[in-house]
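Number of protein chains: 6
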Amino acid sequence: MRLLLLNPNTSRDVTELMRVTGAAAAAPGTEIVTMTASRGVPYIATRAEAQIGGALVLEMLAEAPRPDAAIVAAFGDPGLLGARELFDFPVIGLAEAAMLSACLLGGRFGIVTFARALVPWYVECVAAHGLTGRCAAVRALEGRFASLSDVQSEKEDQLLDLARAVVAEDGADALIFAGAPLTGLGARVRDRMPVPVVDQVVAAVKLAEAAVALRPRKATAGAFRRPDPKPTLGLPAALAARIDGTD
Amino acid sequence: MRLLLLNPNTSRDVTELMRVTGAAAAAPGTEIVTMTASRGVPYIATRAEAQIGGALVLEMLAEAPRPDAAIVAAFGDPGLLGARELFDFPVIGLAEAAMLSACLLGGRFGIVTFARALVPWYVECVAAHGLTGRCAAVRALEGRFASLSDVQSEKEDQLLDLARAVVAEDGADALIFAGAPLTGLGARVRDRMPVPVVDQVVAAVKLAEAAVALRPRKATAGAFRRPDPKPTLGLPAALAARIDGTD
Amino acid sequence: MRLLLLNPNTSRDVTELMRVTGAAAAAPGTEIVTMTASRGVPYIATRAEAQIGGALVLEMLAEAPRPDAAIVAAFGDPGLLGARELFDFPVIGLAEAAMLSACLLGGRFGIVTFARALVPWYVECVAAHGLTGRCAAVRALEGRFASLSDVQSEKEDQLLDLARAVVAEDGADALIFAGAPLTGLGARVRDRMPVPVVDQVVAAVKLAEAAVALRPRKATAGAFRRPDPKPTLGLPAALAARIDGTD
Amino acid sequence: MRLLLLNPNTSRDVTELMRVTGAAAAAPGTEIVTMTASRGVPYIATRAEAQIGGALVLEMLAEAPRPDAAIVAAFGDPGLLGARELFDFPVIGLAEAAMLSACLLGGRFGIVTFARALVPWYVECVAAHGLTGRCAAVRALEGRFASLSDVQSEKEDQLLDLARAVVAEDGADALIFAGAPLTGLGARVRDRMPVPVVDQVVAAVKLAEAAVALRPRKATAGAFRRPDPKPTLGLPAALAARIDGTD
Amino acid sequence: MRLLLLNPNTSRDVTELMRVTGAAAAAPGTEIVTMTASRGVPYIATRAEAQIGGALVLEMLAEAPRPDAAIVAAFGDPGLLGARELFDFPVIGLAEAAMLSACLLGGRFGIVTFARALVPWYVECVAAHGLTGRCAAVRALEGRFASLSDVQSEKEDQLLDLARAVVAEDGADALIFAGAPLTGLGARVRDRMPVPVVDQVVAAVKLAEAAVALRPRKATAGAFRRPDPKPTLGLPAALAARIDGTD
Amino acid sequence: MRLLLLNPNTSRDVTELMRVTGAAAAAPGTEIVTMTASRGVPYIATRAEAQIGGALVLEMLAEAPRPDAAIVAAFGDPGLLGARELFDFPVIGLAEAAMLSACLLGGRFGIVTFARALVPWYVECVAAHGLTGRCAAVRALEGRFASLSDVQSEKEDQLLDLARAVVAEDGADALIFAGAPLTGLGARVRDRMPVPVVDQVVAAVKLAEAAVALRPRKATAGAFRRPDPKPTLGLPAALAARIDGTD
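Protein chains in written order, with the numbering used here: chain A, 1 to 247; chain B, 1001 to 1247; chain C, 2001 to 2247; chain D, 3001 to 3247; chain E, 4001 to 4247; chain F, 5001 to 5247.
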């Protein structure tokens, strides 16, 4: 099966980090292909950036060769529900996959990330997935970091301290180090944490495999049926074709 | 005060309908200026379209001369939270204004609209505003309509029957005819409905006036502070400048 | 339009403070008339006092010349739902107006007040309006104050510190200084607060204007239709007439 | 122990019906004394009437000789929380007692009553007690009735049909025939209902006995401590004394 | 009436402590008989132990002579809902009774217990009863204790400090010292606590009396009707007979 | 990896049906071993049976050779949380896996099953997983069936009609045919359903593979740490050893 790992950020090294992590966890026969946004921001951290990045996700999915399933590879899942509505293959969000996997390992999960700006967006993401009751806390480091691609090592000690606080003070039964740049951190520090750690990319790849194994048909009813065709103006060609039904 | 009524749809006649309705309700001294999207779809009806339209809202707000307040004039409020975060004047959503106004007039409001595709998006909009407990129902007509700008007269009888059902069966204490093309319908049929009717544009103009009267400062803390500057790639110039802080 | 600002407390100087603040924010053409309770307590602070004060609200509304809209001018909104049910003009609560306005300016609002006794009642008021999910915290100063009409200046520093804590610790995106005696405080300290501040009386006047602009009819169905006439015993004449239908 | 059964309605025959029912269920040693409102309405059915009736409850409790516990004997519990705050003996609501007892007998209870006007108030009462999740439905007969004191026999067949619908369609596991005039109906029809029936007065007497058996002290902290003394104006003497602390 | 107080733990001295406390609160005519588990653990503290203990509850209830009502005398209520479904007399849980009684005495109750392991199970118990909104906090002592039957005196000071913190910090209006070994503690320390204290066994006995007074029939519809007979394999004889309908 | 598919029911043919379905979906390298209960009932359908079956799950897990992960293969997940607490390998519930997988494919899932008795237990299972907000409905056929192992073909038409109603009337975006005897039905009828169908066993196997891929450590903190050792009386040897820490 061919999984499209779509990074709606412009940071190609983060895409590569996710590809390597995902490939190591994939089942035999799973091929991971990647796309990285050519417009936008290095990492989506706010609602405004998620609005823009989510629209890019739709453009990119329309332009990509049809995969067996796609992963929206930014924690926060920009554009996820629109993509699930518009396309006929499974689309999985990085946050969604990490949270649902964490549900398998305990009662409530804690989300730990590297930048304060991310917190409101993540909190809304948890709520949009109906998982607020399963979330012990969303916490972030204060302060700036030197380099996005190195933030997980630069801030490792602080991130681990914060994660321990989320367990001790907020009662998390499982931990998610959230945000694409933190991919792989969990595997490295797993034995130093007092509860199970979910790697967001491993979760996304395995849940995408699960979704494909279920061989779901495209809904023809309900909230995720393909919208009726509609004329468009000025949209990128592939996306326009998907919306106006000429694809 | 200058209110920017921003229609993220491409339908200019709907913009004009909203302008006329809003101007009639505005206080002396309130000037309403409009913008209509030059890209996108005639009316946003799905999550995918809202994702795209919400990104356009940010572009358009960045390009417009600074107003005293802006109205995102599509029920469903595409891009609202991102806009509230990114800009330093009040931004009000059409759905938000209609729902909060309806809260003043009863316990639970009912939302009635003209196309089934809108329902999941509207339901999510209600939830995103934390108003699910105040919403009796979201219901839509089945079937197609001939013309967007005439849908409110073409379907008037069916819309009124549906609204009466929302009162009788779902227990709505107030009604919202939702979707920009239904602007003005409420005023026309008010006396035939058994509960108060909220016109979405009247509500948005009056609540925008209220927001300006409160003279709110831009948050420097919390979830709606302006995000830290960040480099961008390939975004429209004005929006890029707002995000990278060079505006 | 004529707005009745009804203070169910016996403190006439607080009524005047609210009138002045409201008049400054009113649109041209809005006239504010006031009533102050001749029975009861100087300021309602507990559920028992709100029970008594809410019954007075109904008496006073029945006795007043019919306004275009009325404001129940005590934070906590004593008697509001009964009034909305019994009378055929819009009735707006001070708390309701402040909270709904705060919703326009951010995600979650914080309520800060001057006396601990108020907190349980305010918390129940937030819940009764279905806005618990939008409320970051309700916090009050400990300790006594010298004079009700001067409490906002006497306690200004402590109130501001508490408000800052509600932003920093509870995550409020907007602030309400709650309780009629704090009217006007927000305007004075707005620039020292890190998030927008809502003045409760400004909010109530502007939302009452909005309600009138919507020209709502009296419900003839649902939870806010006028109750069927019913005989009464020993009630004040105007209220009795409103209940037994002889008014 | 001496239980005060306080009817905030003016209907003395309903008070007597409740006294007889309660006395039959009371433990040896429990004496039931009654009070009936001398002002107000024959039966409280709306929020406005509950606001007035709840204030009467406070007056009457202040005037009554101190009981071991009191029952606010109107379903809907007017004035209950204020009374619990103001007085130092247990005060139990008729609705509260019926609902908490029903919780003992199944998962979700259904409330059936005789007049449509009662429904919004009862729904708010369920919510105020935090029991919405335990309530399958609140349903009422449509139409008028001839006499309050005979409504339970006049409408018996319709009430039973409605109760059966609440079980079959709404999934109630226990039933409450709500409203003081329906006292005793449950005992008479118990064997014709498919789920356990709770008599509101039996429940209130037994839970009042339970509250007394727990020998609870008056709170000196939290939301039900006695409010600090406060001057009053124009209130009935006993209530004024309780509020200003001179009792 | 004959109440069966069933201890699903193996600690006979705790059973006796509960019998004595319950008997002192029982009405004239109430006889309390006890059973203590002959298998299992000294005190159930985890979900796994509750799973096992709950199955024992069903076995023991099937083997006991039919009582007028039964009390599952372990806080956490193992097996309660299954028992309520399977048997035709009222079955009351210790936690359920304590929590519902606490609801009569204030807004939100606090649960204080002696061992950290109990907390997750208790939290789930509160949620299973739909009372999360009425629960201020569940808190437990850290550290080990010397003897189960003496834990309430050994740890009295710490338990009282913790209880005071639950009032001051979490806002509890009533307190429950939870866990069968703490039976009787509340009565002893009542006057040293700032809010009413509910003894779990007193509550259970009085609510069992209330349930019997309501003379509830066994449901023949809904979620607590007796399940249809079903063949069993290898279960204890009395329980098998109850399930396969040959009892 | 070795997955233990543990059927807490006594029906061996249903175990085999699940094994075959699971094996077909498993990744290369995944071996599925099974256990079937030797005590209990043919299929767990009530809370009482789930209480007993859940205790058997713990016994059986203690006796089985340690797997890489285990599946509690009864929809309703008897004993799941206790097992997750007690054992140090991932334990996945059939209902949990089906529901979390359905979350990937739409907004709200619908659960359709073959016997009315199952509904209350399933509803509680949904709530216990915190997924009530993601569940459109739980519905069951009325009436009896001839044979457990053939129920899916005997009742196929009725089940499909019911499933279509859950989509059309309750708004389900994905469907789960729930209950071990319905394993494989979804795959057979997938193309006749208007929304994606989740097979519970396929979901459980793929999510168990995901859980193993995450290589979670056993929690040493939080609600799923292994309980402290505790003496036991009369429990099966392997389970006793796991609880008293001598394993």
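In this text, a Cβ means the ideal position worked out from N, Cα and C, and glycines have one as well.
Using a Cβ-Cβ cut-off of 9 Å, F/P5028 counts as an interface residue toward chain A, since at least one Cβ of chain A sits closer than that to its own. Listed in chain order, the beta strand (DSSP E) elements of length 3 or more contained wholly in the stretch 3054-3090 of chain D are 3069-3072.
Per the DSSP secondary-structure output, F/L5004 pairs in a beta bridge with F/V5033 and F/A5070. In summary, C/E2142 is exposed, with fewer than 16 beta-carbon neighbours lying within 10 Å of its beta-carbon over all protein chains present. Excluding the 5 residues flanking it on each side, B/T1132 has same chain C-beta neighbours closer than 8 Å at V1126, in chain order. With respect to A/F224, F/D5173 sits close: the two C-beta atoms are nearer than 9 Å. At a cut-off of 9 Å between beta-carbon atoms, E/I4092 makes contact with chain D.
Distance from the CA of A/R66 to the CA of F/K5206, rounded to the nearest whole angstrom, comes to 23 Å. For D/A3223, the chain E residues whose C-beta falls within less than 9 Å of its own C-beta are G4106, G4107, R4108, G4171 and D4173, listed in chain order. Looking at the DSSP output, B/T1113 bridges to B/A1140. Take E/G4107, set aside five residues on each side of it, and the residues of its chain with a beta-carbon closer than 8 Å to its own are R4134 and D4173, in chain order. The stretch 3036-3054 of chain D makes contact with the stretch 3066-3079 of chain D; the number of CB pairs closer than 8 Å reaches 3 or more. If the five residues before and after D/A3027 are omitted, its C-beta is found closer than 7 Å to the C-beta atoms of E3209, all from its own chain and listed in chain order.
Using beta-carbon distances, E/K4230 counts as an interface residue toward chain F, with a partner under 9 Å.
Beta-bridge annotation (DSSP): E/I4176 is paired with E/I4111 and E/V4198. Residue environment analysis places D/P3231 among the exposed positions, since fewer than 16 neighbouring C-beta atoms fall within 10 angstroms of its C-beta.
Classified as buried, B/P1120 has 16 or more neighbouring CB atoms from the shown chains inside 10 Å of its CB. Closest in alpha carbon position to D/R3192, among E/K4155, E/A4213, E/R4217 and E/L4104, is E/R4217.
Setting aside the 5 residues that flank it on each side, F/R5002 is surrounded in the same chain by E5031, V5033, P5067 and D5068, each with a C-beta closer than 7 Å to its C-beta; the list follows chain order. Collapsing the DSSP output to three states places F/I5243 in a helix.
With the criterion set as a beta carbon lying under 9 Å from some beta carbon of chain B, the members of the stretch 42-72 of chain A are P42, Y43, A45, T46, R47, A48, E49, A50, Q51, I52, G53, G54, A55, L56, V57, L58 and E59, in sequence order. The Cβ-Cβ distance between E/A4048 and F/I5243 falls below 9 Å. In the DSSP assignment, D/C3135 is bridged to D/F3109.
When secondary structure is reduced to three states using DSSP, A/I52 falls in the helix class.
Residue contact with chain B for A/T246: absent (no Cβ-Cβ distance below 9 Å to any residue of chain B).
Going by DSSP, D/D3228 is part of no alpha helix (DSSP H) at all; its letter is neither H nor E. Nearest CB-CB separation between C/C2103 and chain B: below the 9 Å threshold.
Here B/A1178 is near B/V1112, since their CB atoms are less than 9 Å apart.
The C-beta separation of B/V1197 from B/L1175 comes to about 5 Å, placing the pair in contact by the 8 Å criterion.
For E/D4157, the enclosing alpha helix (DSSP H) stretches over residues E4156 to A4168. Burial state of F/A5219 is buried, judged by a 10 Å Cβ sphere holding 16 or more other Cβ atoms.
By the Cβ-count criterion, D/A3168 is exposed, with fewer than 16 other Cβ atoms from all chains shown falling within 10 Å of its own Cβ. The beta-carbon of F/S5038 is placed less than 9 Å from the nearest beta-carbon of chain E. The count of Cβ pairs closer than 8 Å, one atom from the stretch 3035-3043 of chain D and one from the stretch 3007-3022 of chain D, reaches three, so the stretches are in contact.
For E/A4136 and E/G4171, the gap between their C-alpha atoms comes out near 6 Å.
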